[in-house]
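Q: Here it is, the structure, as structure tokens.
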Amino acid sequence: MALFALHPLNYTPHVEDWRTRINRAEAVGSLAALLLVAGTAVLAANVASITISGHVALTMSIAVTPTPVASQLDLSINQPPITVAAATVVSNNVNGYTVTVASGNVLGGRCSTPCLATSSSGGASLPFALFRDSAPVTFATGSGTFVTTASRSQAGGDTYVVRVSYDGSSANLPSNNSYNEVLTFTLAVN
Numbered sequence: 010m011a012l013f014a015l016h017p018l019n020y021t022p023h024v025e026d027w028r029t030r031i032n033r034a035e036a037v038g039s040l041a042a043l044l045l046v047a048g049t050a051v052l053a054a055n056v057a058s059i060t061i062s063g064h065v066a067l068t069m070s071i072a073v074t075p076t077p078v079a080s081q082l083d084l085s086i087n088q089p090p091i092t093v094a095a096a097t098v099v100s101n102n103v104n105g106y107t108v109t110v111a112s113g114n115v116l117g118g119r120c121s122t123p124c125l126a127t128s129s130s131g132g133a134s135l136p137f138a139l140f141r142d143s144a145p146v147t148f149a150t151g152s153g154t155f156v157t158t159a160s161r162s163q164a165g166g167d168t169y170v171v172r173v174s175y176d177g178s179s180a181n182l183p184s185n186n187s188y189n190e191v192l193t194f195t196l197a198v199n
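So for the sequence shown, this note's numbering puts the first residue at 10; every next one is plus one.
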């Protein structure tokens, strides 16, 4: 004989186990999500950042230091290039710099090319050539480019030798006169 046990339709012996397990999983998942959010909030409260930045100002300077011979030139001889000064340029411009040089006598109308000139009557003058190290400087309308670079100067600056040459032996200059020239060096960024 067979026995049948009737159970209500809404009751299944295993359903309660599954519901308990699902409820536990939901509780654990909710707790994990809550801890994750709380942990992030705690970390966010303990970590902060800033961005810092700075700027290096443009540095530009030029110094031209004459040698003793610059004020004691013998204008009666044929003088090969002789050092009359040192020019030191400091520039931190990454695109480099340009130094131009202007002749005071050309700009003052005493000669058409750079020259040593006297202010006495008769206005005698002696043209000269200007060199940066061994490279001649070409003048146009009273000024010329002394040097152009494509990068900043080295630490402590870039130093250039300023030289002049002239032929006083054939110039027939008047005696006992002083001759001078003012060369103005101007530094600009590229």
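Even glycine gets a Cβ: it sits at the ideal position worked out from N, Cα and C.
Here the structure is a predicted model, which is why all the values come from computation and not from measurement.
Ordered along the chain, which non-local residues of its own chain (more than five positions away) have a Cβ less than 6 Å from that of N114?
A: Translated into the one-based positions of the sequence shown, residue 114 becomes position 105. Closer than 6 Å at Cβ, skipping near neighbours: C120, C124, A126 and E190.
Q: Give a yes or no on whether the C-beta atoms belonging to L182 and A133 are separated by under 8 Å.
A: Here residue 182 refers to the residue found at position 173 when the sequence shown is read from its first residue. Here residue 133 refers to the residue found at position 124 when the sequence shown is read from its first residue. Yes; because the gap between Cβ atoms is below 8 Å, this pair is in contact.
Q: Assess, as a yes-or-no matter, whether the stretch 91-102 is touched by the stretch 162-174 under the definition of 3 or more beta carbon pairs within less than 8 Å.
A: yes
Q: Go ahead and pull the three-state DSSP assignment for P77.
A: To locate residue 77, count along the sequence shown from 1; it is residue 68. P77: helix per DSSP, three-state reduction.
Q: Out of A57, V65 and V78, which has the shortest C-alpha to C-alpha gap to S174?
A: By 1-based counting over the sequence shown, the position of residue 174 is 165. Per the Cα distances, V78.
Q: Return the bridge partner residues of Q88 from the DSSP annotation.
A: By 1-based counting over the sequence shown, the position of residue 88 is 79. Q88 pairs with Y175.
Q: Pull up the CB-CB distance for A111 and S152, whole angstroms please, since I reckon it's below 8 Å.
A: The residue labelled residue 111 in the question sits at position 102 within the sequence shown. The residue labelled residue 152 in the question sits at position 143 within the sequence shown. Confirmed, Cβ separation roughly 4 Å.
Q: Threshold first: 3 residues or longer. Then list the beta strand (DSSP E) segments lying entirely within the stretch 149-197, N to C.
A: 152-157 and 167-176
Q: Does the stretch 54-69 come within contact of the stretch 133-150, defined as at least 3 CB pairs closer than 8 Å?
A: no
Q: Compute the Euclidean distance between the alpha carbons of A138 and N87, then round it to the nearest angstrom.
A: In the sequence shown, counting from the first residue as 1, residue 138 sits at position 129. In the sequence shown, counting from the first residue as 1, residue 87 sits at position 78. Straight-line Cα distance between these residues: approximately 12 Å.
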